[in-house]
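Heads up: the structure comes next, in C-alpha cells.
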Amino acid sequence: MIKESKGKITEEFLALGNSALPSYLLLGKTPVLFDSGMTVMGPLYLQDLKKYLGDPTRLTYLFLTHSHFDHAGSAPFLKRNLPHLQVAAGKAAADIFKRPNAIQLIQSLSRPMEEKFKSQIGEEDVIFRGLDLDRVLEDGEEIELEDGTVIRVITTPGHTRDTVCYYIPKLKALVGGEAVGSFDRRFNVRPVFLSSYDDYLSSLEKLRNLKIELLLLGHHFAITEDAQGMIPKAVEATRAFGKRIEDELNANGGSQEAAVKKIFREDYVEKKLINQEERPFLINLTAQVKAVAERKK
Ligand SMILES: [Zn+2]
Numbered sequence: 282m283i284k285e286s287k288g289k290i291t292e293e294f295l296a297l298g299n300s301a302l303p304s305y306l307l308l309g310k311t312p313v314l315f316d317s318g319m320t321v322m323g324p325l326y327l328q329d330l331k332k333y334l335g336d337p338t339r340l341t342y343l344f345l346t347h348s349h350f351d352h353a354g355s356a357p358f359l360k361r362n363l364p365h366l367q368v369a370a371g372k373a374a375a376d377i378f379k380r381p382n383a384i385q386l387i388q389s390l391s392r393p394m395e396e397k398f399k400s401q402i403g404e405e406d407v408i409f410r411g412l413d414l415d416r417v418l419e420d421g422e423e424i425e426l427e428d429g430t431v432i433r434v435i436t437t438p439g440h441t442r443d444t445v446c447y448y449i450p451k452l453k454a455l456v457g458g459e460a461v462g463s464f465d466r467r468f469n470v471r472p473v474f475l476s477s478y479d480d481y482l483s484s485l486e487k488l489r490n491l492k493i494e495l496l497l498l499g500h501h502f503a504i505t506e507d508a509q510g511m512i513p514k515a516v517e518a519t520r521a522f523g524k525r526i527e528d529e530l531n532a533n534g535g536s537q538e539a540a541v542k543k544i545f546r547e548d549y550v551e552k553k554l555i556n557q558e559e560r561p562f563l564i565n566l567t568a569q570v571k572a573v574a575e576r577k578k
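So the sequence shown is numbered by the numbering used here: it starts at 282 and just counts up by one.
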C-alpha cells in the first residue's frame with residue numbers, strides 16, 4: 282500500500298509538515314526525526330513536534346538523508362529552537378553545509394517559498410546560514426537508542442555525494458529518501474541520480490537485500506506493503522532513464538543542452554509528469570544528463 286506522508290503512517294512513524302516535504306518522526310523513548318525540509322517548514326515541524334511529543338525538546342536526533350535545501354533547509358531553525366538537538370548526516374554533507382556557495386544556493390532556492398509564505402512565518406528567523414553537524418556518520422555505523430532500537434547508516438551516494446539511508450532492523454523500515462527515487466501514487470518511480478549514475482545504481486544494489494516492510498520516501502509517500510519490491514523497480518527505472526538520456530545524447534551529437542531541452546519538453550511541458558517547481562526540476566535534469574554524459578568518458 283502507498284500512503285500519503287502526512288500524520289500517522291504506522292504505530293511508530295509519523296510524518297510532520299506536509300506530504301511534499303515530510304519530516305519523519307520515529308516515536309519512542311528517544312524520539313528521532315529524519316530530514317527537515319525547506320526553511321519555511323521549520324515553524325510547521327516545530328508545531329507538529331509540540332502536538333505529537335508534548336515537549337518538543339524531547340527530540341534528541343535529527344538525521345538528514347542529504348544536503349539539499351528541501352531536505353535539510355530547516356535543520357538550523359530546529360537546532361536554534363531545540364538546543365539539545367543533535368543533527369547528524371553523512372561525511373560529505375558536513376563540508377557542504379559550511380561552503381559559502383552551497384549556503385548561497387540553499388538560500389536562493391529557499392527564498393521564493395519564504396516570500397510566498399511570509400505572513401505565516403511572521404517574525405520567525407528561518408534563514409539557512411550554514412549548519413554545524415553534531416555527528417558525522419559512516420557507512421554501516423549503528424546508533425542505538427535508549428530503548429534498544431538500532432538505526433543503521435547506509436551510505437548511498439548517487440543522488441548526491443552525501444546521500445545516506447537509514448535502516449531500522451527492528452521495524453524493517455528504510456528511510457530511503459531520494460536514493461530510491463521519486464514515486465507517484467501508482468508506484469511509477471523516477472530516478473534522481475544527480476551526482477553519479479553508477480554510484481546511484483550501486484547504492485540501490487546495497488539496499489536490495491534488506492528486508493523492507495516500510496519504505497519512507499523523500500517526498501509525498503510512504504510504502505507500507507511490498508516495499509522491498511520497490512528496490513528492483515527503482516533499479517529498472519534507473520537503467521531505462523539512463524538509456525533514454527544516452528539515446529538523446531547520441532541523437533544530438535552529445536549535446537547535453539539539447540538532451541535536457543527535449544526531456545524537459547516531453548516530461549514537464551507535454552506529459553506534465555513532474556510535480557515539482559520548474560527551476561529545481563531543471564537543475565536536477567541538467568545534473569542527470571551530465572551524470573550520464575560523464576559516464577561515457
Ligand atoms: Zn535531493
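C-beta atoms are modelled at their ideal positions from N, C-alpha and C, and glycine is treated no differently.
According to the neighbour-count rule (16 or more other Cβ atoms, all chains shown, within 10 Å of its Cβ), is G429 buried or exposed?
Here residue 429 refers to the residue found at position 148 when the sequence shown is read from its first residue. Flag for G429 reads exposed.
The beta strand (DSSP E) enclosing Y549, as first and last residue numbers:
As a first step, residue 549 is located in the sequence shown; it is residue number 268 there, counting from the start. Counting along the chain, Y549 falls outside any beta strand (DSSP E), and DSSP gives it neither H nor E.
Quick one, which of G510, K543 and G499 has its alpha-carbon nearest M319's?
Here residue 319 refers to the residue found at position 38 of the sequence shown. If we check each option's Cα against that of M319, G499 comes out closest.
Coil, strand or helix - K492 by DSSP
Along the sequence shown, one-based indexing puts residue 492 at 211. K492 falls in the coil class under three-state DSSP.
With the cut-off set at 9 Å, would you say V434 and K451 are in Cβ contact?
Along the sequence shown, read from residue 1 onward, the residue named residue 434 stands at position 153. Along the sequence shown, read from residue 1 onward, the residue named residue 451 stands at position 170. No.
Grab me the residues of A370's own chain with a C-beta within less than 6 Å of its C-beta, minus the 5 sequence neighbours each way, in chain order.
Indexing the sequence shown from 1 puts residue 370 at position 89. Once the five neighbours on either side are set aside, the close Cβ partners of A370 are L345 and L414.
Can you tell me whether DSSP reads S477 as helix, strand or coil?
Residue numbering aside, residue 477 sits at position 196 when the sequence shown is read from its first letter. Coil, per DSSP.
When every heavy atom of ligand 1 is checked, does at least one fall within less than 8 Å of the C-beta of T441?
Within the sequence shown, the letter at position 160 stands for residue 441. Yes, ligand 1 has a heavy atom inside 8 Å of this Cβ.
CA-to-CA distance, T311 to I449, given in whole angstroms:
By 1-based counting over the sequence shown, the position of residue 449 is 168. By 1-based counting over the sequence shown, the position of residue 311 is 30. Near 14 Å, if we compare the C-alpha coordinates of T311 and I449.
Less than 9 Å separating the beta-carbons of Q509 and K492?
In the sequence shown, the residue the question calls residue 509 occupies position 228. In the sequence shown, the residue the question calls residue 492 occupies position 211. Yes, the Cβ-Cβ distance between Q509 and K492 is below 9 Å.
Name the DSSP beta bridge partners of K453, please?
As a working note, residue 453 is residue 172 in the sequence shown. K453 pairs with nothing; no bridge assigned.
According to the neighbour-count rule (16 or more other Cβ atoms, all chains shown, within 10 Å of its Cβ), is K360 buried or exposed?
Counting from 1 along the sequence shown, the entry for residue 360 is found at position 79. That one is buried.
Helix, strand or coil for F294 per DSSP?
The residue you call residue 294 lines up with position 13 of the sequence shown. In this structure, F294 counts as strand in the three-state DSSP scheme.
Three Cβ pairs or more, each shorter than 8 Å: is that satisfied between the stretch 403–410 and the stretch 452–466?
no
Neighbourhood of H440 by C-beta distance below 6 Å, restricted to the same chain and skipping five residues each side
Reading the sequence shown from its first residue, position 159 is the one you call residue 440. Closer than 6 Å at the Cβ level, and outside the excluded window around H440, lie E459, A460, V473 and L475.
Pull up the distance between the alpha-carbon of T444 and that of S348, whole angstroms please.
For the purposes of this step, residue 444 is taken as residue 163 along the sequence shown, with counting starting at 1. For the purposes of this step, residue 348 is taken as residue 67 along the sequence shown, with counting starting at 1. Distance between the alpha carbons of T444 and S348: 8 Å.
Select from I555, R576, R489 and V417 the residue whose C-alpha is nearest the C-alpha of F464.
In the sequence shown, counting from the first residue as 1, residue 464 sits at position 183. Considering only alpha carbons, the answer is I555.
If you drop the 5 nearest sequence neighbours on each side, which residues of the same chain put their C-beta closer than 6 Å to that of A503?
Residue numbering aside, residue 503 sits at position 222 when the sequence shown is read from its first letter. If we look at A503 and ignore the five residues flanking it on each side, its Cβ neighbours are K284, S286, I290 and L497.
Cβ distance (whole Å) where L314 is taken to contact E293 below 8 Å
Locating residue 314 in the sequence shown gives position 33, where the first residue counts as 1. Locating residue 293 in the sequence shown gives position 12, where the first residue counts as 1. The Cβ separation is near 13 Å, so there is no contact.
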